[in-house]
Amino acid sequence: MAGAGAHEPPRDVLGPVAGTPAFDDDRPPSRELAGDCVHCGFCLTTCPTYVLWGEEADSPRGRIHLMKAGLDGEPLTGSAVRHYDRCLGCMACVTACPSGVRYDRLIEDTRAQVERRFDRTPRERALRAAIFALFPYPRRLRLLRGPLRAYESSGLRGLIARSGLARRLGPTLATLEALTPRLRAVPRPPRLVPAAGTRRAVVGVLTGCVQSAFFPDVNSATIRVLAAEGCDVVVPPGQGCCGALSVHNGRLPEAQRFARRLIDTFARAGVDHIVVNAAGCGSSMKEYADLLRDDPAYAGPAAAFAARVRDLSEILVELGPAAERHPLPLTVAYHDACHLAHAQGVRAQPRTLLAGIPGLTVKEIADPEICCGSAGVWNVLHPEPAAELGERKARAVLGTGAELLVTANPGCLMQVSAAVRRLGGEVATAHTAVVLDASLRGLGAAALTSERRA
Ligand code: SF4
Ligand code: SF4
1 MAGAGAHEPP RDVLGPVAGT PAFDDDRPPS RELAGDCVHC GFCLTTCPTY VLWGEEADSP
61 RGRIHLMKAG LDGEPLTGSA VRHYDRCLGC MACVTACPSG VRYDRLIEDT RAQVERRFDR
121 TPRERALRAA IFALFPYPRR LRLLRGPLRA YESSGLRGLI ARSGLARRLG PTLATLEALT
181 PRLRAVPRPP RLVPAAGTRR AVVGVLTGCV QSAFFPDVNS ATIRVLAAEG CDVVVPPGQG
241 CCGALSVHNG RLPEAQRFAR RLIDTFARAG VDHIVVNAAG CGSSMKEYAD LLRDDPAYAG
301 PAAAFAARVR DLSEILVELG PAAERHPLPL TVAYHDACHL AHAQGVRAQP RTLLAGIPGL
361 TVKEIADPEI CCGSAGVWNV LHPEPAAELG ERKARAVLGT GAELLVTANP GCLMQVSAAV
421 RRLGGEVATA HTAVVLDASL RGLGAAALTS ERRA
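First residue of the sequence shown? That's 1 in full-length UniProt numbering, and the numbers climb one at a time after it.
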C-alpha cells in the first residue's frame, strides 16, 4: 500500500486560484445534501483514494467538508481542486453511507463549478481538450481502429512493450498504450433484428463510443442475446455519445447537448426500453431527469427516457429466460463495475444470469467495493495511482483462480486486462453479454478462454 501523498500530481498541474467565493449560484453543491453527512466515517475504507493515501481530504467525508467550506464562502483553492480531481466518482461511498448522503450529486455539481470557474494550467487544459475531442465521438474513435490494428499486427506493439519506450515517453502515453485492447473485426450491427419466436418486447440498444469502437463484438453479442430472448432489437443510427464522460468531468453543457440528442434519437425509434451494456453510460442515462431539470423543453422527455433505461442484465432478468442455455464448463470471476453496482444498484442480476448457465461457476473477488482505477478517463488523468488500483484488482482477480474475468463495462475490461499483463498473469476477459451469447449459441468454453487472454 502506498503511503500518504504517494503519486501526488505535481503542483504545476493546478492553475492559479480563481476569485472568491468557491461556488456561484448556477447549480452549486446542495448545502442540504452536504448537511446530511454526520461524519461517521463508515465510507472511509471503501474509498479508493483514502485507501491509497490515508488522507482525510481524500475521503468522501473530507471532500464534503471542503464543499461546505466553499458554500460558506471559502475560495476555490488549488488544494481543494486537487482533492476533488482525485475523486474517481466510483460511488462506493454512496453504497457504504448509512445516512444516504447523495455524494454523487454533490461531486457532479462541484465538478461543474470547478470546470467553469477554476483556471487550470495550459498542460492540464490541453490534455483535457484532447481527451474530450476524441472519446465522446464514436466516429473519431472508429477511425483509430485501422492504425491500431496495423500497430498490433506489425509487431510494433510487442517491440515497444519490450523496450519500455512508452514508459519513457510518460505515464499518460504508457497508460493509453497499455489500455488499448486487441481489436476484433466485427461487421456493423444491423438497424433491426427481429425477435426469435414470440416477441416479448421492443428494445433499442445504445452502441456507445468506446464500446462501438473497441468492443463491437460486445454490441453484436448484446443484440443476438436480446433477439434470442424474444426482443425486437432496434439499433438507431447516428446515436452519438450519452454524455457520461462529460457529466462525470463537470462539462455540463456538453453533457446536456449529448443527452438531448440521444433522447431525440430514441424517441424516433419507438422502443419500449433503451438497453445499455456499458455501466458508466447506463448510470448517466438514468440520471437524465436531473441533468436536464432546468430545461423546460426536455425536463419531461428526459424523465420519461430515464425511466425506460435498463442495463442489459436488468432487462434479461425482468423478461426471464426463454432461450436454451448450453453448458459452459468454466470458473469465472465476476467484477462489479462501480457504475453498475454502486451507481445503479445492479449486483444480483448479472450473477443470476451467469448462475443460469449450466456448468458455469461464479467466484467472488476480494474487496469488490474498491474501484479498479478505470473510472472513465481517471486512469488517463491520474495514470500512476490508477495503475496501483488496477494491480490491486488484478491480484484479487488472479487470487480467485478463475479462468475468465467477467464484467459489464469496457473501461474495467481494459484497465484490469492491462494490470494483469503488467503482473505477468493470465486470465481471459469477457463482457457478460459475450458469455451469455456463447452459451445460447452453444459455442463451448474454449470460445471464451482461448482467444480472450488479457
Ligand atoms: S466517489 Fe469513490 S473516490 Fe470519490 S469519494 Fe466516493 S468512494 Fe472516494
Ligand atoms: S458514511 Fe456518509 S455520513 Fe458517514 S462520513 Fe461518510 S458520507 Fe458522511
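The beta carbon of each residue, even a glycine, is placed where N, CA and C say it ideally should be.
Item, Value
"beta-carbon Ala-195 near ligand 4 non-hydrogen atom, thresh 7 Å", "In the structure on display, ligand 4 does not appear, and the ligands it does have are ligand 1 and ligand 2."
"Nearest-angstrom Cα separation, counted from Asn-249 out to Tyr-137", "16 Å"
"Status (buried if at least 16 other CB within 10 Å, exposed otherwise) for Thr-20", "exposed"
"Given Ala-22 as reference, the closest of Asp-119, Asp-58 and Thr-46 once Cα atoms are compared", "Asp-119"
"C-alpha gap between Leu-14 and Met-67, whole angstroms", "For Leu-14, the pLDDT reaches just 45, beneath the cut-off of 50, and the residue's location in the model is therefore unreliable, leaving the point undetermined."
"Residues near Leu-192 by beta carbon distance below 6 Å, same chain, minus five either side", "Val-234"
"Own chain residues within Cβ distance below 7 Å of Ile-131, not counting five before or after", "Val-377 and Val-380"
"Ligand 2 heavy atom lying under 7 Å from the CB of Ala-96", "yes"
"Top-ranked residue by Cα proximity to Phe-215, from Glu-324, Leu-71 and Cys-412", "Cys-412"
"Buried/exposed call for Thr-207, threshold 16 Cβ in 10 Å", "buried"
"Opposing strand residues paired with Ala-34 [DSSP bridges]", "None, per the DSSP bridge assignment."
"The segment 37–55 / the segment 84–104 touching (three or more Cβ pairs under 8 Å)", "yes"
"Leu-404 (DSSP reduced to helix, strand or coil)", "strand"
"For Pro-171 and Gly-300, the rounded distance between their alpha carbons", "44 Å"
"Pro-10, DSSP secondary structure in three states", "Reliability of the predicted coordinates at Pro-10 is poor, the pLDDT of 39 falling under 50, and the value obtained from them is presented with this limitation in mind. Residue state, collapsed to three classes: coil."
"Contact check, residue 455 vs Glu-124, beta carbons under 8 Å", "No answer is possible for residue 455: it lies beyond the span of the chain, which begins at 1 and ends at 454."
"Whole-angstrom distance between Asp-336 and Ala-418, CA atom to CA atom", "17 Å"
"Simplified DSSP state of Tyr-334, which is helix, strand or coil", "strand"
"Three-state secondary structure (DSSP) of Pro-16", "Summary for Pro-16: the model assigns pLDDT 41, below 50, so the residue's position carries little reliability, and this model does not support an answer."
"Segments assigned beta strand (DSSP E), at least 3 residues, entirely inside the segment 410–453", "428–431"
"Helix, strand or coil at Cys-209 [DSSP, three-state]", "coil"
"Distance cut-off 7 Å: Cys-87 Cβ against heavy atoms of ligand 1", "yes"
"Chain-order list of residues whose beta-carbon lies under 7 Å from that of His-342 (same chain, five-residue window excluded)", "Cys-90, Met-91, Ala-92, Val-94 and Thr-95"
"Any non-hydrogen atom of ligand 1 closer than 7 Å to Ala-386 Cβ", "no"
"Sufficient close CB pairs (3 or more, under 8 Å) joining the segment 260–269 to the segment 214–232", "no"
"Nearest-angstrom Cβ-Cβ length linking Val-416 and Val-332, presumed shorter than 8 Å", "Incorrect: roughly 13 Å between the Cβ atoms, too far for contact."
"Segments of 3+ residues assigned as beta strand (DSSP E) that fall wholly inside the segment 203–255", "231–234"
"3-residue-minimum beta strand (DSSP E) runs that sit fully inside the segment 312–369, ordered along the chain", "330–334 and 360–364"
"Distance between Pro-385 and Glu-403 (C-alpha atoms, nearest Å)", "27 Å"
"Within 8 Å, strictly: CB atoms of Gly-401 and Gly-373", "no"
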